[in-house]
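In what follows, a single structure is set out as structure tokens and then discussed.
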Amino acid sequence: MRGRLPILAVALALTMVAVVALAQPTYSSAHFDVYDRAGAGLAYAQSIANALESAYSALTGAGASLAPPCSGAKYNVTITNLSGEGGQVMSSFTYDPSTGRIIKACISYILMAAGLSGSTLNHVAYHEMVHVAQASYYQYISVVQSYPWYVEASAEGLSSALSGVCGWEPWYFSYSLYSSNPYSYSDASIECYAYGAFYYWLISSGTASVPDALSGSLSGSSVNSDWVNSRYVSFLLALAKGITMCGRSYSPSYQTATLTGNSWTATVSLNGLSAAYYRLSLPAPGTVTITATGNVRSNLQLNQPFYVSNTSLIIAIVNPSTSNVDTQVTVTYSPPLVARVTGGVYRPLTGTLTLQLSIT
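Numbering of the sequence shown is given in the numbering used here, commencing with residue -7 and proceeding in unit increments.
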């Protein structure tokens, strides 16, 4: 799963390629040579190849590019005993040292853990193949070496959206990650995988295609990606109503906002690229005005009155910048006007009707 390229890792990749080249693969499929180094057996090697072929077809069918094997026509896959991981992909990059721009990318090898089965095997295969695709979209080595949060997030979320099998995405809500700055996480931390909920939403909502998500996230020269940040803000706004992933509904935790008289005010402290969610009950339908200081966004109209026909509001307050912000949010409620006819006179000669109204 890791995509970093320290010198030791490159040496290990070359060693492994040299070793496996001396032996026949345990099982070969159209695009993968699978070598069993864990005693998992022929049937397991075939199941690994089948799962990887399924992921290969799903990604190419979605229009994604895949980085080619570094050696030979097929990807080198080794079944081994991995400690706490389902798989790993070792990518190799050639780049211009003066600019950092990547000239060539290829896949040295793929590791798959022994003992995987069923939906877990399928999910891991898809996840690792998204890493194979990612290698073809990087444009600058600095992004590869920095290993930002959206590398594992995109691998996890895209693999789940394509396979229909979710992995760490539900933990996004368990960890309340909508209240954290995603750039505070990197490498292969669990939180990065949980941010896969964002990429699952990108695909399932039609906000982005698989190639768009990969290119938009990985092709920039800076770790801080404007493309990612903009779409992530849209995701935080969409969370106000909850989302569905792999057939289950998820929503953030809502804080309760209570009117005092006809208003509610709170100071909201937000980390960069984070949100707070409130549920506000109204005594009756009426006109509401929400004001907020600073550069924040909401799922509801800000600084302009609007009519609410029910008695419940869900309010998202989102910080679209990567810096922390404090904002004062005020909700003002105006009950509806009620007009009653208290009297009137009809004049048949002129055909006019004069009414007396009481407005409260």
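We put the beta carbon where it would ideally sit given N, CA and C, even for glycine.
### Query
When you compare each of Leu58, Ser134 and His123 to Thr91 by their alpha carbons, which one comes out closest?
Ser134
### Message
Within the continuous beta strand (DSSP E) that includes Ala41, where are the two ends?
### Response
Element bounds for Ala41: not the beta strand (DSSP E) but the alpha helix (DSSP H), Leu34 to Gly53.
### Message
According to DSSP, is Leu305 part of a helix, a strand, or is it coil?
### Response
It is a strand residue.
### Message
Considering Cα atoms alone, identify which of Ala258, Pro140 and Leu274 is closest to Thr283.
### Response
Ala258
### Query
Applying the criterion that 16 or more other CB atoms from any shown protein chain within 10 Å of the CB defines a buried residue, is Glu120 buried or exposed?
Under this definition Glu120 is a buried residue.
### Message
Just verifying my parser: in three-state terms, what is the DSSP assignment at Ser83?
### Response
strand
### Continuous alpha helix (DSSP H) stretch holding Trp256: start and end
Premise fails: Trp256 lies in the beta strand (DSSP E), Ser255 to Leu262, not in any alpha helix (DSSP H).
### Message
Does the contact criterion of 3 or more C-beta pairs under 8 Å hold for the region 154 to 169 versus the region 81 to 98?
### Response
no
### Task
Could you say which of Glu183, Asn68 and Ser128 lies nearest to Phe165 if we only look at CA atoms?
Glu183
### Message
Please state whether the Cβ-Cβ distance between Ala232 and Asn287 is less than 8 Å.
### Response
In this structure, Asn287 does not lie closer than 8 Å to Ala232 by Cβ.
### Message
Determine whether the beta carbon atoms of Arg29 and Ile71 lie at a separation below 8 Å.
### Response
yes
### Query
Can you name, in chain order, every residue of its own chain whose Cβ lies under 8 Å from the Cβ of Trp160, other than the five neighbours on each side?
Answer for Trp160: Glu148, Ile182, Tyr185, Ala186 and Gly188, listed in chain order.
### Message
Measuring CB atoms only, is the region 38 to 51 touching the region 13 to 24, in the sense that at least three cross pairs come out at less than 8 Å?
### Response
yes
### Query
How should Ser75 be labelled, buried or exposed, when 16 other C-beta atoms within 10 angstroms of its C-beta is the threshold for buried?
exposed
### Query
Once you ignore the five residues that flank Asp179 on each side, which residues in its own chain have a CB closer than 7 Å to its CB?
Tyr139
### Task
Could you please give me the residues that DSSP links to Ile282 through a beta bridge?
Val323
### Query
Who are the near neighbours of Leu(-3) in its chain, counting only those whose CB is closer than 6 Å to its CB and skipping five residues on each side?
Residue confidence for Leu(-3) is low, a pLDDT of 25 falling below 50, so the modelled location carries little weight; the figure read from the coordinates is stated next. Answer for Leu(-3): no residue qualifies.
### Task
In the DSSP assignment, find the alpha helix (DSSP H) that holds Thr236 and state where it starts and stops.
DSSP places Thr236 in no alpha helix (DSSP H) but in the uninterrupted beta strand (DSSP E) bounded by Ile235 to Met237.
### Query
Quick one: Cα of Thr52 to Cα of Gly64, how far?
20 Å
### Task
Assign Ala276 to buried or exposed, taking buried as 16 or more other Cβ atoms, counted over all protein chains shown, within 10 Å of its Cβ.
exposed
### Task
Take Ser146 and list the residues in its own chain whose beta-carbon comes closer than 8 Å to its own, dropping the five residues that flank it on each side.
Val122, Gln126, Gly188, Tyr191, Ala205, Leu206, Ser209 and Leu210
### Query
Can you check whether the CB of Leu58 is closer than 8 Å to the CB of Val124?
In this structure, Val124 sits near Leu58, with a CB-CB distance shorter than 8 Å.
### Message
My assumption, with CB atoms under 8 Å, is that Asn221 sits in contact with Leu150. Please give the rounded CB distance.
### Response
In fact, because the Cβ distance is near 18 Å, the residues do not count as touching under 8 Å.
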